[in-house]
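Just below is one structure, and these are the notes that go with it.
Residue numbers (my numbering): 1423 to 1594.
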């Protein structure tokens, strides 16, 4: 967990030198599969911009917030770096699509597996620096994290999860 916190701090510190090409999203999330709540912290760096939209490189960190003693399979952290494309609807509103590949980890046991995420959302700028954002993501993670005696090999079905998120974006 410390490594993840350090990674987020390093990304945020590195981004301070880049003017108006980065955004940091902080979103509260609800899982549709198991009704748990969580937190998504999403750093994105703008690569290209056109009149129709913007292309970002993003690193979402999706963490469930569960009570102590909850089942092991709910305690997973997803980090799936990838791309996000904003389709400009107006000067303030943009629809976006995102996709990424990375890893999923259980913070209380030394297990790491592969993960894939894809989804979309709506970003509405309140000011030049702040926005309100809604996001839907589908997460697929390695099934080896669901059972301690299971090994990852081709043919194991991944665990799927869909999360709805709502929060703010800080653009710098």
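From the three backbone atoms N, C-alpha and C, an ideal C-beta is built for every residue, glycine too.
This one's a predicted model, so the numbers in the text were calculated from it and none came from an experiment.
Of the other Cβ atoms in all chains shown, 16 or more fall within 10 Å of the Cβ of residue 1462; this residue is therefore buried. In this structure, the straight-line span from the alpha carbon of residue 1556 to that of residue 1532 is close to 32 Å.
Straight-line spacing of the CA atoms in residue 1471 and residue 1503 works out to 20 Å. It is roughly 9 Å from the alpha-carbon of residue 1445 to the alpha-carbon of residue 1478. Going by beta carbons, residue 1515 and residue 1525 fall outside the 8 Å limit. Cα atoms of residue 1563 and residue 1527: separation of roughly 9 Å, rounded to the nearest angstrom. Here residue 1473 is exposed: its Cβ has fewer than 16 other Cβ atoms, across all protein chains shown, within 10 Å. The continuous beta strand (DSSP E) containing residue 1476 extends over residues 1475-1487.
Straight-line measurement puts the Cα of residue 1450 at about 7 Å from the Cα of residue 1459. Shortest Cα-Cα distance from residue 1505 to any of 1499, 1523, 1497 involves 1523. For residue 1584, the secondary structure class from DSSP, reduced to helix, strand or coil, is strand. Sixteen is the threshold: when 16 or more other Cβ atoms of the shown chains lie within 10 Å of the Cβ of residue 1545, as they do, the residue is buried.
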